[in-house]
Structures are given as C-alpha cells and as structure tokens.
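Residue numbers (this note's numbering), protein chains in the order written: chain A, 1 to 319; chain B, 1 to 306; chain C, 1 to 353.
To keep things clear, I will list the structure first and then write my remarks on it.
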Amino acid sequence: MTTASGPGRVAEVAPTTVAKPRRKSRRFSKSKEMGLAYLLLLPALAVFGVFTFFPFVENFNLAAHMKGPYPTSPNPYVGTSHFFQVIKSSIFLDSLRSTAIFVAIAVPLGLFLGLALAVFANQKLRGSAFFQVVFSSTTITSVAVAAVVFETILDPRSGLMQWLGVHTAPGIQLSPGWALYAIAGISAWQFMGFSFIIMIAGLQSLPEEVIEAARMDGASSFRVFWRVIVPLMSPTIFFGGVVGTIVALQSFGAIDIIIGNTNTTFTRTNVLINYIYDLIVYDRQFGTAACVAIALFLITLLVTVAQFRVLERRVHYAN
Amino acid sequence: MPTELVTAHAPEGSTPPGPERPEDRAAGLRRARVWRRRRSKLWTYTGLIAGSVIVLFPVYVLVVDSLLQPLQLLSDPPAFVPTHPAFHNFSDAIAQYGFGHDLINSAVQTGIIVSAQLVTSVLAAYAFVFLRFPLRRSLFLVVLGTIMIPFEITVAANQTTIVDLHWEGTFLGLTAPFLATGFGIFLMRQAFMQIPRELREAAVIDGYGPMRFLWRIAIPLARPVIAALAVFSFLGAWNQYLWPAIQANYNPGLKTATIGIASLAQSSATVGTYLAASIMSLAPLVLLLILFRKNLIRSLTAGAVK
Amino acid sequence: MAQVRFDNVTKTFGDVRAIDELSMTIDDGEFLVLLGPSGCGKTTALRTVAGLEEVTDGTLYIGEDVVNDVAPRDRDIAMVFQSYALYPHLTVRRNIEFPLHQRGFDKKERTRRVLEAAATLELTELLGRKPGQLSGGQRQRVALARAIVRQPQVFLMDEPLSNLDALLRLQTRADIVAMQRRLGTTVLYVTHDQVEAMTMGDRIAVLNAGRLQQIGPPIELYERPVNTYVATFLGNPGMCLAQGRVVAGSAMLGDAKLGDVGVADGPVTIGARPEALALSAAGIPAKALFIEVLGADVLVLCELATGERFMARQPLDAPRPKPDEPVHLSLIDKPGALHLFDVGTGVRMEAGG
C-alpha cells in the first residue's frame, strides 16, 4: 500500500484497509429512504388531513343536513336544497352586500395607500429607513387592537373627530351605513402595512433605466408615476389585490369588536364571515354555517379567478 | 457722448440683446434643476409626513389615551398629552380584569403553534428536497393546496371535530388546527433548495446520514429563513381572532390577549384600561418588528415579486 | 490494492444510456484522466465509482471487492467536486475535519491529521477562516485537503480546475500531479480540457456518448488516435480532416498526391495535424483564410476547394500569406504525419505513410 509514509502512519494504514468490514452497509436503500420520508411528512400531513382536508369535505356533509342546535337534536338530511335556501335568505343577501362593499373599499384603498407610501419612502432621502419601519408597522397590529383604537378615535365622546372637524352622529355603532365604511377604512389601514411591504419590494426590483429614461424624456413626476411606475408595478399590485381580497373576505375581528352583537344594526352590517361565526357560536346551526361557508368559498374562488382573467391581461410583466 | 459708450452698457435689468450667453443659460438650467429637486423633495417629505400621520396617529392615540385619567378622555378639546399619566390603567387591566392571564394564554398558545409549525415545516420540507420517494410531487401539490383552502370553510367542521374530541376550550383545541402550515413548508423548501446538491453529496461521501445532515448542515444554512418563518408564525398566532374567539366561548379562562382586549372593550372597563391592555399585547410584536425588519421584508417578498 | 475496475458497466437514466458497457482497469497509483465533451458520460462514470450513482448493469471493483452495492462512505474514496462543495458555515479547519467525525478517530488523531493535510496544502494560516473569506484557489486547496485527510485509496476529481483562472490553473495542475506522486493514491480525474488531460494523466480514457473510445498514454492517443473523434478532440488545435481517395495505392486529396499507403483503393478520410502541414510551392491547392500569430508559431487556416479546412503551422520567420491569397499545402516528410480513417465508421486505417 503506497500511501505517504511517516513515523507512526504505517500503523494506521494497515487497519484501515484490512480490518474494516467492507460490505458494512448497503447504500442507503430505497425503502429506508422512503420510510424516512413518510415519517418526516407524517406530522404535517396528519394535521392537514384532520384539520384541513377532512373539514373541507365534511363541510359539504354538514351543509347537506339541518342539524338542530342541541347535541341531541335530529339531524335530517336535506341535500342541496339547504344551500339554495340559505343563499336566498335575506340575512345572507344583506351579508353579501355588506361584504361586497367592505371588500371593494378596503382592498383598493389599502393598495393605493401602500403604493403611494412606498413611492415616497423609496426615495433616497435621509431617514427613509425610519419611515419604512413606521409604514410597515401596521402589519403587526392585531384586528383587536386596530378596532379598539379606531373605536376610541371615532367615538364621539372622545371628541377627537370633532377636533379634526368631522362630525359624527352620536354612537357611530348605531348608524349602520357609516359603520361599514369606517370598518372598511380600518381594514385598509391595517392592510396598508402589508401592501407597503410588497410595494417597496416591488419598487426596488423595477429596472431603474426605464424610469430614468422617462424622466429624461421630460415627463413630470406625476406622469412618470401613472404612466411608467404603475404599469411596471402591475404584477405586484395584482398580487396584492389577490391576497388582499382573500384576506378581506375572511376578516372577522373588526366588526365583532366594534359593533358587538347587541345592536340590530349588527345584522345589517354583518359580513359573511361574521354570519358564520354567529351561526356556529350562538345559534349552533352548523349546517347553515356550512352552507354560508361554501357560498363564501365559492365567492372567493370566483373573485380570484375573475381577477386573474380580467386583470392579468392588463398586467405587464417586465420580461 | 460717443455712441460707443452709450451702447456698451445695457440698461439695468434687461438682458443683453442678441443670443443668450452660454454660461448664463447653463446657470439658469442649473438653478431650475436645483429648484426641481427641492420641489420634489418637498413633495416627498410631505407625502412621508402625511403617511406617517395616518399610520401613527392611531398609535399616538393608543399610547396617549392609555395614560389618560378616565375623566380626561371626555374632555373638550381632547387631551393630547397625558399630564397625569395613569399608569394604573395598566395595572388595572392585569389585576382587576385578569388581562395578565390572557397574556399568558397568548404566550402559551403562540409558543405551541410556533414550535409546532417550525418542526413540521422543517421536517416536511427536508423530505421534499433531499429524499426520494413515490408520490413526492403529488404530495407537495397537496401541501400547496392547503394554502388555497381558506379557513372559513373549515371552521364549521373543525369546530365539530374539536367538540367530538372533547378538546373544546382547551389549549389542544385552541392550537390543533394550526400545528402545520403549507406556507411554512413552502418557505422552508425554498430555503433548502438553495443548498447546493454537491454539498449533500460531499456529506454522503463523508459518511453523513440524512438526519445528521439535516441537523448539522441544512438547518444551520437555512437559519435566516427559519427565523423569518418563526416571526411570521408568531405574528399569525398571536393576532388570531376567529378561532380563539370560538374556543373562548367554551372556556373563558382560555382567552388569548386579542380576545381579552375585545372583552375588555365590551365590559365596564374604561377606555384607558383596554387601551393599556392593547399596548401590552402589542409590545412583543413591536419588538419583533424592530429586530427582524429586514428579514421579514426579504422573506415575504421572496415569493411575491416574480 | 487500490485498483479500480469497470467490468461492462452500464448506467441508464430512463431511456438514456449515460455509460454504455464501459470496461477498463485503472491500476493502483495511476493517474487516469477521463476526457470528453459535456454529456459524454465521464462524470457519470466518476459518480458511479463514488457511489453517488447506482450501476444499472455490470460490475464495479475497487481493489478486490465488488462495490456495486456498497455505500459511498464505505468505499474508502474521497471526492473533489467542481464547485468544491465546502460547508460555508464551518471554518477551514472544521471543513477538513468533517470527514473524520464518522470514522471513529479520537480528537487528538483528528487534529493531527487536519494539521498534516493543511500543511501539505499550505493552508495552516487559513485554518480559522470560513470559505466565504477565501479566494478560489484557496478554496480548491481546502477541498483537496478535505480529500486527503482520510488517506483514502482512491481520489475522485470532477473538473476541479474549471473554476480557476488560467494562470492559477497552470500552477494548480502541477501541484495536483506532484501531490499525487507523493501520496501514490489512485486518481480518477474528469475533465473536458484536453490540455489538462495531456499534461496530467498517466493514461487518458476518451469517452463519447457513454462509450470508451480509446485508453492509453497521452502520446499514444495523440500519435495514433483510434478514430476521428479522438483525433479531432486531442491536440490544440485538433487534427483537420478532409475527404480524399486512395488511388493505386496513393492517398490523394483532389489532384494532389499525399503519399503511398498500403490500403485498398477507395474513398478515405484524410487527417493531418497542423504541425504536419506546411505551406509550399506545390501540393494541395487552398486559400488562406486567417493567419494567427501565436508568439512562437504562426497558424494559417486554409480552405480547400471543397470547403473543408486545414491548418498549417509556419515558423515565425517564414513568409506569411495574406487573407484570401491562394496557397499550397503539403505534408512534411515524417512518419505518422498522414492519418487515414474509414469514411463510414471513422475508424483508423493503418497506413504506410
């Protein structure tokens, strides 16, 4: 064995070539690899199975029955008629209307504010890092906190709105029209943080040369914004829109907190997800809740697909 | 007077007749450019300040009003400076209304969810990236599919499941649906895919089995992403509302901080008290945001901007 | 014994035969270069020896043992990857130490080996650094150190020099060869660079589409290539080919006679290396296209009437043609200047000239 020799090395050389068992282990066999893989996947898949896929399917099962509120109530099978019954009910339709208004206000507003702030904060000015932290901070606010704070601001008793020159009727909770818009505004405020983050990232990935070229061509900043930046940012805006809509359709806490469930106006301002909550917690009508959930899911799907179809055509991908 | 002298001096205030001198033109342009830049800077700062006001005004109200004495809240014009900081708002929330208990509940709930999500995501992503097994691609699509399924459609059935298992109103019931996340697996998979294949092969030749490789090489190399995932999980878990609200109905002692704030707001507690509670519940998140700002932005946008 | 033997080894990926019935023996202590273009199977062959790819058919031996089913860690081999595959979060010292953890060496022994390997590759001052702080050449040395620290029977190297700049490549080439001579380990070295192959290998094995074309000492492959593929692959620049005929025992290119050959009449592929061709007054008519002055030599690229191209080497002081100038090429009078290959198969025909 001709390895490099040196004092004390010969002793090791011999054992490594002779005494070591050669066929010790097969290559890591296929079945062992497979077994390990499934083992590693087991926890995640188990959770998904029980709490994501099963409920998804079971939801349809629930929707097809009309179980009474008590554990011992009868559970008759009603099939799809239940679903159609529910979506024709006035409560549902009111909810639908509220949801639509809510989403239509909150999402675009949040996107626009996020983009505007991102454009400002992206300029290389002193202290822009500070502003970036500030603007992204609304992402950490929980629904509860945001709701509570805005409730305080909007409460006429605190006098803040008067001070700003806005007059609100006493008890904003009691004026259903305003309540929904106010809550949409609050959600936009919250969404603004996330929107800001993705917009800033999007802005930073824009090809600088294009924007510079536009500037050199003599376009004013305003023009540059609308004609160049917005189209270039359209993939990001689109992404934000899709995510924002999905989140908005599921946003629950604000209404629950601000409106509470002690007012008749509640059902008027109720969005679909709150309706589901009520059905589960107060009425224990799991079947009806399931029906509304299906409806909401279908709406989400429809809106997302519609966004893809209609808007993606307008999206300019840089490459 | 000789005519030359008369014409040599142009009357004051008027430009010399004939074409502009090049130096003047350049100076004029430079002035214009400086003005333009100043003006745009002005716009930008205005925008930034306006934006900050929008974002920070509620925060300001939050902080200030939490420190106002109860009567000051109703004053007109509204009080903007806490002249007699009402620190008792904070202690009231904890002592009188049991908010401290809510905070602890949140901590436990979030701790469980974050740890569970990290473990399940890392293990599953490792399997997807470094191991070969049948159905690998389909199972990954399944995982991606879970991201698509919105929570509201699983709420009803999940609730019945939890009740059937007699987990309602327990920490188990509170956290069980969230112990794994498709988003987390996706994120970790991206991170692991950045590890060059040759590194794995070198480790194989050096005698390292898959588990040792995971622990000694893959996880250390993916540390930034793991941190980002932890932060996201934390944010998501801490700020949850719908599910904890449902569970709290079965067991009010299980209220998390977010629910606690809501119940405070609907109880007899003063505005100051529940705003103080809000601040206390925001505190850990603010800390996270400050510490992990860059990481957050980078990881969130890794998938967004294509 | 650290002999490596391929016995009819085949490796398929789905329908693709990456290695096709490869048989060859690498002797103990030999430096064998696996040469070929991308996709020829040389890296796959290397990886089967490493155990990173499973052999589909045939038998692979390391020493006396059949290693088809033996895990890589038990084959007593070390591999140097093209991108070095250093662990970025570990220091140089721990990178080199890494392979020793699983072998049951105690701490003292591990440290000794690491220091020894570091000294051999002049890395002793860099032990505390991380790969990110090293230059390309230094990283390469770390990869080599990691390979030698276990004193394996076989080194496997996958194009280790391709990421280095030209000057560093030259130096490192010599260092690797010197190191191997000193350690006496068997080396399997994969490259697509035929200059590396010619200068480093005891023998070269040329592969094409998974099949072994020729194996032998560099000069043998150069002077007696077994087919057109090997002939054009080796040499810088490679051999030039043109279609000619053998008429009455003479090799003819157009109307020019190149020499007498003991081959049957018929169409034939004629090959000649640039150093075997010279510009002359008479001979093969051609048009000079491009003149490259390479310092010590001048290479003249010429186009024949048929459009095929030959290159001729001129000494520096000889008169140079201008582009598009008509010239004549002739073979210099030396044995082995003329090569004949079968038109259909490209296989070498034994010529007399």
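We put the CB at the ideal spot given by N, CA and C, even for glycine.
Verify whether the separation of the beta carbon atoms of residue i and residue j is less than 7 Å.
i, j, result
"residue 377 of chain C", "residue 271 of chain C", "For chain C, the structure presents residues 1 to 353; residue 377 of chain C sits outside this window and is missing."
"residue 66 of chain B", "residue 222 of chain B", "no"
"residue 44 of chain A", "residue 124 of chain B", "yes"
"residue 279 of chain C", "residue 327 of chain C", "yes"
"residue 273 of chain B", "residue 89 of chain B", "yes"
"residue 92 of chain C", "residue 47 of chain C", "no"
"residue 151 of chain B", "residue 140 of chain B", "no"
"residue 262 of chain B", "residue 254 of chain A", "no"
"residue 92 of chain A", "residue 184 of chain A", "no"
"residue 210 of chain C", "residue 19 of chain C", "yes"
"residue 173 of chain B", "residue 146 of chain B", "no"
"residue 287 of chain C", "residue 303 of chain C", "yes"
"residue 289 of chain C", "residue 299 of chain C", "no"
"residue 194 of chain C", "residue 76 of chain C", "no"
"residue 283 of chain B", "residue 113 of chain B", "no"
"residue 272 of chain A", "residue 298 of chain A", "no"
"residue 152 of chain A", "residue 271 of chain B", "yes"
"residue 253 of chain C", "residue 338 of chain C", "no"
"residue 89 of chain C", "residue 220 of chain B", "yes"
"residue 297 of chain C", "residue 313 of chain C", "yes"
"residue 188 of chain A", "residue 114 of chain A", "no"
Would DSSP call residue i helix, strand or coil?
i, result
"residue 244 of chain B", "helix"
"residue 266 of chain B", "coil"
"residue 203 of chain C", "strand"
"residue 336 of chain B", "For chain B, the structure presents residues 1 to 306; residue 336 of chain B sits outside this window and is missing."
"residue 186 of chain C", "strand"
"residue 33 of chain C", "strand"
"residue 230 of chain A", "helix"
"residue 251 of chain B", "coil"
"residue 291 of chain C", "strand"
"residue 8 of chain C", "strand"
"residue 240 of chain A", "helix"
"residue 372 of chain C", "Past the boundaries of the shown model lies residue 372 of chain C; chain C is included only from 1 to 353, so the question cannot be answered."
"residue 124 of chain A", "coil"
"residue 274 of chain A", "helix"
"residue 339 of chain C", "strand"
"residue 236 of chain C", "coil"
"residue 87 of chain B", "coil"
"residue 287 of chain B", "helix"
"residue 257 of chain C", "strand"
"residue 124 of chain C", "helix"
"residue 195 of chain B", "coil"
"residue 307 of chain A", "helix"
When we look at the beta-carbon of residue i and count the other beta-carbons within 10 Å, is it buried (16 or more) or exposed?
i, result
"residue 32 of chain C", "buried"
"residue 212 of chain A", "exposed"
"residue 76 of chain A", "exposed"
"residue 198 of chain A", "buried"
"residue 279 of chain B", "buried"
"residue 246 of chain C", "buried"
"residue 216 of chain A", "exposed"
"residue 148 of chain B", "exposed"
"residue 262 of chain A", "Confidence is the limiting factor: at residue 262 of chain A the pLDDT is only 45, short of 50, which leaves the residue's position unreliable, though a coordinate-based value still follows. Burial call: exposed."
Write down the C-beta distance between residue i and residue j rounded to the nearest angstrom, noting that I regard them as a contact closer than 8 Å.
i, j, result
"residue 330 of chain C", "residue 291 of chain C", "About 18 Å separates the two Cβ atoms, so there is no contact after all."
"residue 185 of chain C", "residue 155 of chain C", "5 Å"
"residue 146 of chain C", "residue 96 of chain C", "5 Å"
"residue 205 of chain C", "residue 215 of chain C", "4 Å"
Per DSSP, which residues does residue i bridge with? Please list them.
i, result
"residue 280 of chain C", "C:328"
"residue 158 of chain C", "C:190"
"residue 243 of chain C", "C:269"
"residue 286 of chain C", "C:304, C:327"
"residue 64 of chain A", "None, per the DSSP bridge assignment."
"residue 19 of chain C", "C:11"
"residue 61 of chain C", "C:5, C:66"
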